[in-house]
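Residue numbers (the working numbering): 656 to 1349.
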């Protein structure tokens, strides 16, 4: 460009800047001049933009954001393919994992961890924490260091090693006042002598909200609890893809199955990126559908705003025609309408940010209260990535909502409006009718989709567990004892009975029961041998749960045949059981199942013959996504357990009882102040789980 052309270019840019600032001021004046119209558009856009922004925040937190570990893209989960088809992997047998670690050469490391309930006693203070049994190399695999002391290492896995424990920063500050001298402090972990060797960095709580980590082989308890069921996490070697590692896994597993024929032939192992452990593939596809739905709703909102703007143009036709008459061209009028829409959209965006933030806080609080907290690094907060995407959506929304009204505003018919006002809105009305048709079509599609999703979620939340879940006053919690406190099964049962009796004595409590399993959540399984069957044949699995005498009264379970367990069923009496309809129909169809007998357990370790004393409706003891299996209920006096679910049927509403009853029950009924956890209202928890698991 020649030197003489620069002044003209600068002058033109100044004119554009002046015109743009003028249109911004005009847009703000229009916002104030028509408060009702502006408020309506802002409300329409704010709600839709807020919903879209919240979905983006969720997708960013759960899908896009990487795990906070070095080279996290190389971390993979190893497990058994889940039968429910949601893409999740189940725990591995720890013995299988040890053999796999020898054969899998395309991994830098493979480590394990499993959930635990851990009590730490220090003097007279005893606290219950959510913790993990971990293998010695887990922290090294994750690439995290202790802020004080050290983490659990391979030496801590040695059978002769002392019991060492690592605590979270939260426990360190709340329990020990951030005292560095806590390293080397002697404590009792689940009644066993232990030593604190490290404090993890702030906010570290792998995998979810854990506060205590201890070496898996050093924790007291049965091998089946601390060793046999474990989650496996591996780090791929540099340059190895997940497909290559998966192929080697299948090869090694096939060889292991051929070498040991007693392994299950239908058991399939697989690899998934470690992030899928926290958000399964099925949920990831759901998030994509939610984003499409949110954007579709936003398109409907754009059509609504465009209609409102077209209606406003009809009312402002003389004003716009006068601007055109005094020299404002089509482009200037188009820019004017777009700027007005952009001003409204920016105000709506600010409100949408508040809506998305509130929705994120509420969602996180709801999941936490239900005991379904996501991984500790997952937060539903606005990140720069989401902010930039949100700005782009705001600009696109402005174009979608303001372009058509702006084009109409710059049309030639506006010049004739001064002479003939009535003819100006004819074209606008045709456009408005077209927008209305588009809105109705989009709305119908969205309503159909929303109805289908709601029907699925409602069906999941109303899934018949075989118990009375209609009441909102059924409060549940998890309690446990340890062999060092109560060595014998009789002492453990006596403790649970004492807890239930004290709870029943509380004002406002209608019924209370202690049972091994919470229907619809988790339950143990066992092979079954029917009397008269072939003891050498493969045995079918059934869900099982130990119950007390008040199970039926609390959960609303009524026998179809026979009676429920009562005081007659003691440890010294004949072993008895309650079976559900599935059990009776599978092994004794069209026959009287009462007084029939069966055994539970693998060959060589079966129980004594158990006599059927009752039949109830089908009980779904496990998660509703698991295949329905026959269920067996055993008297707790004949089948002692160390961990159980306390269920309380109260008179009051959840809001009134949750913060008043449970602290008192913990103080009066428990041997320690923190022996109780996972406190939640059954109906509310089921609704949340039905959403998170869908």
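Beta carbons are placed, not taken as given, at the ideal position from N, Cα and C, and that holds for glycine.
Among the options, which one has its Cα closest to the Cα of residue i?
| i | options | result |
| --- | --- | --- |
| residue 1211 | 1168, 1223, 749 | 1168 |
| residue 926 | 837, 1041, 734 | 734 |
| residue 689 | 1122, 845, 793, 999 | 999 |
| residue 957 | 1043, 1048, 791 | 1048 |
| residue 1235 | 885, 1007, 1224, 1218 | 1218 |
| residue 763 | 887, 1289, 893 | 893 |
| residue 694 | 809, 1158, 1002 | 1002 |
| residue 827 | 799, 781, 803 | 803 |
| residue 644 | 1038, 769, 727, 756 | Nothing can be reported for residue 644, as the shown portion of the chain is limited to 656 through 1349. |
| residue 991 | 1028, 896, 697, 1054 | 1054 |
| residue 1205 | 1291, 963, 829 | 1291 |
| residue 1274 | 1198, 1220, 1227 | 1198 |
| residue 896 | 913, 838, 761, 1044 | 761 |
| residue 930 | 1213, 723, 700, 790 | 723 |
| residue 855 | 1288, 751, 794 | 794 |
Starting from residue i and walking both ways along the alpha helix (DSSP H), at which residues does that stretch end?
| i | result |
| --- | --- |
| residue 693 | 690-714 |
| residue 1207 | 1206-1210 |
| residue 827 | 824-831 |
| residue 758 | 749-758 |
| residue 886 | First-last for residue 886: 884-891, but that is the beta strand (DSSP E), not the alpha helix (DSSP H). |
| residue 1144 | 1144-1159 |
| residue 766 | Where residue 766 is concerned, there is no enclosing alpha helix (DSSP H), although the beta strand (DSSP E) it sits in stretches over 762-777. |
| residue 796 | 793-797 |
| residue 1032 | From DSSP, residue 1032 is part of no alpha helix (DSSP H); its letter is neither H nor E. |
| residue 1238 | 1236-1242 |
If you drop the 5 nearest sequence neighbours on each side, which residues of the same chain put their C-beta closer than 7 angstroms to that of residue i?
| i | result |
| --- | --- |
| residue 1165 | 1304, 1305, 1306 |
| residue 718 | 934, 939, 942 |
| residue 841 | 848, 850 |
| residue 1173 | 1131, 1300 |
| residue 1184 | 1190, 1194, 1253, 1254, 1261 |
| residue 1148 | 1291, 1292, 1295 |
| residue 624 | Outside the shown range of the chain, which is 656 to 1349, sits residue 624, and nothing can be said about it. |
Where does residue i sit, in a helix, a strand or coil, going by DSSP?
| i | result |
| --- | --- |
| residue 905 | helix |
| residue 928 | strand |
| residue 1039 | helix |
| residue 1141 | coil |
| residue 1176 | strand |
| residue 914 | helix |
| residue 1123 | coil |
| residue 937 | helix |
| residue 814 | coil |
| residue 1277 | strand |
| residue 1298 | strand |
| residue 839 | coil |
| residue 745 | strand |
| residue 1047 | helix |
| residue 1253 | strand |
| residue 897 | helix |
| residue 844 | strand |
| residue 948 | helix |
| residue 786 | strand |
| residue 1225 | coil |
Give the C-beta separation of residue i and residue j to the nearest angstrom, bearing in mind that I take them to be a contact with Cβ-Cβ under 8 angstroms.
| i | j | result |
| --- | --- | --- |
| residue 924 | residue 904 | 6 angstroms |
| residue 1266 | residue 1244 | Actually they do not touch by this definition, with Cβ atoms about 19 angstroms apart. |
| residue 946 | residue 712 | Actually they do not touch by this definition, with Cβ atoms about 11 angstroms apart. |
| residue 1137 | residue 1297 | 7 angstroms |
| residue 810 | residue 867 | Rounded, the Cβ-Cβ distance is 19 angstroms, inconsistent with contact. |
| residue 1270 | residue 1220 | Their Cβ separation, rounded to whole angstroms, is 13 angstroms, which puts residue 1270 and residue 1220 out of contact at 8 angstroms. |
| residue 732 | residue 932 | 5 angstroms |
Just curious, the beta strand (DSSP E) that residue i is in, first and last residue?
| i | result |
| --- | --- |
| residue 732 | 730-736 |
| residue 610 | Lying before the first or after the last residue shown, residue 610 is absent from the chain, which here runs from 656 to 1349. |
| residue 1201 | 1196-1202 |
| residue 868 | 867-870 |
| residue 857 | Residue 857 -> no beta strand (DSSP E), and no H or E assigned at all. |
| residue 1135 | 1129-1135 |
| residue 1167 | 1164-1170 |
| residue 1266 | 1265-1271 |
Identify, in the order they occur along the chain, each residue of the same chain with its Cβ nearer than 8 angstroms to the Cβ of residue i, setting aside the five sequence neighbours on each side.
| i | result |
| --- | --- |
| residue 858 | 824, 1031, 1032 |
| residue 1196 | 1180, 1181, 1182, 1183, 1284 |
| residue 1041 | 708, 711, 712, 715 |
Might you give, ordered along the chain, the residues of its own chain that have their beta carbon closer than 6 angstroms to the beta carbon of residue i, omitting 5 neighbours on each side?
| i | result |
| --- | --- |
| residue 819 | 811, 850, 852 |
| residue 708 | 1007, 1011, 1045 |
| residue 1203 | 1168, 1169, 1291 |
Tell me whether residue i, by its Cβ, gets closer than 7 angstroms to a heavy atom of the ligand PLP.
| i | result |
| --- | --- |
| residue 711 | Summarising the ligand content, the structure contains no ligands, and the ligand PLP is consequently not present. |
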